[in-house]
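Input: a single structure, listed below in structure tokens.
Residue numbers (my numbering): 1 to 331.
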């Protein structure tokens with residue numbers, strides 16, 4: 001990863017949902033007070049913004065009253081650079097922010113005309129796009145991706161961070177895509193916000209500002225940064241067969257040897273698992289025929305190709321599926 005991540009072991013013990021509050025959130029040796037103000041900014045479509053605001057601002061006012069969080073939206077002509085999406089800012093203590101987010105997501109998903117704006121590319125999983133100050137992404141990712149990988153394992157949500165080297169000049173925030181079931185996403189958001197707010201420089205790098213017009217004039221040509229995986233390859237990943245020499249620049253192709261009796265865990269019923277991996281992570285995955293084995297073994301070949309960073313996260317997820325299929329190891 002291009003980040004300069006900070007080393008920290010984060011093992012949250014609290015169940016951080018709007019229904020579960022605590023006096024403090026344990027973050028290693030750092031305690032983050034439950035009433036500590038955090039700021040969560042998300043990208044939403046213009047149509048979804050209208051749903052959140054409601055007629056005469058009635059809906060957003062109701063959500064603020066119910067959650068006690070502050071909710072702001074950028075103007076309908078003010079988009080995040082390189083996108084056609086507005087910026088939604090929700091601020092307050094973590095549990096208030098999560099309550100507001102529950103209300104907002106529930107409202108958008110309940111309206112057929114805008115519900116699709118919260119779907120991932122596979123059309124089945126919910127996806128939120130969180131904006132995180134670039135200066136704090138090291139805190140989120142952790143040493144060698146350890147922190148963000150632990151968040152994925154804890155929440156079961158897929159977390160992908162835009163790479164630092166593709167950050168458009170002048171944009172202070174990076175996009176973090178969080179994909180999965182809503183309850184998994186909420187858990188991931190809670191972990192991320194609590195972790196970020198433990199950084200002593202948190203207040204310095206965060207603000208409730210929703211306008212980015214000061215960084216980019218209207219109509220400027222800024223590309224949307226591609227997204228990279230939430231962590232680094234697992235050191236216990238099965239050995240890979242060498243990369244294809246014909247891979248395009250910026251892309252990789254790796255082949256994993258997978259025991260034949262565990263391939264089903266990767267494919268899933270009716271191809272559900274493999275199709276979700278391909279759609280959500282953004283890679284191509286091919287599984288060899290039953291007769292096409294790695295020479296001298298009973299292992300089939302699972303070939304992953306696509307952007308290098310996406311291939312890495314796909315390897316992590318596939319390795320986890322293989323490990324789960326193997327069951328517990330006797331020591």
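For glycine and all other residues, C-beta sits at the position ideal for the given N, C-alpha and C.
- The beta carbon of residue 176 sits closer than 6 Å to the beta carbons of 130, 132, 161 from its chain, once the five residues preceding and following it are set aside; these are given in chain order.
- Close CB contacts of residue 135 within its chain, under the 6 Å cut and outside five residues either way in sequence, are with 205 (chain order).
- Rounded to the nearest angstrom, the gap between the Cα atoms of residue 139 and residue 202 is 10 Å.
- Rounded to whole angstroms, the separation of the alpha carbons of residue 290 and residue 63 is 54 Å.
- Only residues of its own chain outside the window of five on either side were considered, and among them 63, 67, 69, 71, 90 have a CB closer than 7 Å to the CB of residue 100, listed in chain order.
- The C-beta distance from residue 174 to residue 137 rounds to 6 Å, short enough to meet the 8 Å contact threshold.
- Per DSSP, residue 75 lies in no alpha helix (DSSP H) and is assigned neither H nor E.
- Measuring C-alpha to C-alpha distances from residue 119 to each of 142, 102, 279 identifies 279 as the nearest.
- Collapsing the DSSP output to three states places residue 129 in a strand.
- As far as DSSP is concerned, residue 311 takes part in no beta bridge.
- Between the beta-carbon of residue 189 and that of residue 255 there is about 35 Å, and that puts the pair past the 8 Å contact cut.
- In the DSSP assignment, residue 103 falls within the unbroken alpha helix (DSSP H) covering 94-110.
- Under the three-state reduction of DSSP, residue 65 is assigned to helix.
- Nearest to residue 323 by alpha-carbon distance, out of 266, 80, 102, is 266.
- Per the C-alpha coordinates, the member of 178, 153, 172 positioned closest to residue 320 is 153.
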